[in-house]
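Here the structure is laid out as structure tokens; the discussion comes afterwards.
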Amino acid sequence: MAEPPVEDEGEEAAQTQPKQESTHQATVAAKNLAILKARSFDVTFEVGDEYEVIETIGTGAYGVVSSARRKDTGV
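full-length UniProt numbering puts the first residue of the sequence shown at 1, with every later residue one more than the last.
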């Protein structure tokens, strides 16, 4: 009776290592992106005396978006 082929453990370990590295890199990238997004809301806007900044709404490719109202009209 023939014996089943034996797989080389070195080949299997070599195949799983790149998968682990790419998973680790994706995890690190996701953490860095989360930190960057959280810190992007810490922006202070200089809008002059006419406006009052209400809140930061979000971020985009060109910067941070915030809502504001005119102090004299309240709008």
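Yeah, the Cβ is synthetic: ideal placement off N, Cα and C, and Gly gets one too.
Since the structure is predicted, the reported quantities are computational estimates derived from the model, not experimental observations.
Checklist line | Among Tyr51, Ala34 and Ala26, the one whose alpha carbon lies nearest that of Asp72 | finding: Tyr51
Check: Do you know offhand how far Ala26's Cα is from Tyr62's?
Finding: 24 angstroms
Next item on the list: Measure the C-alpha to C-alpha separation of Glu55 and Val75 and round it to an integer number of angstroms.
Entry: Rounded to whole angstroms, Glu55 to Val75 spans 14 angstroms at the Cα level.
Check: Taking the alpha-carbon positions, what's the Arg69 to Ile35 distance?
Finding: 29 angstroms
Next item on the list: Name, in chain order, the residues that DSSP records as bridge partners for Val53.
Entry: Ala68
Next item on the list: Rank Ser67, Thr59 and Val65 by C-alpha distance to the C-alpha of Leu33 and give the top, closest one.
Entry: Leu33 has its Cα closest to that of Thr59, out of Ser67, Thr59 and Val65.
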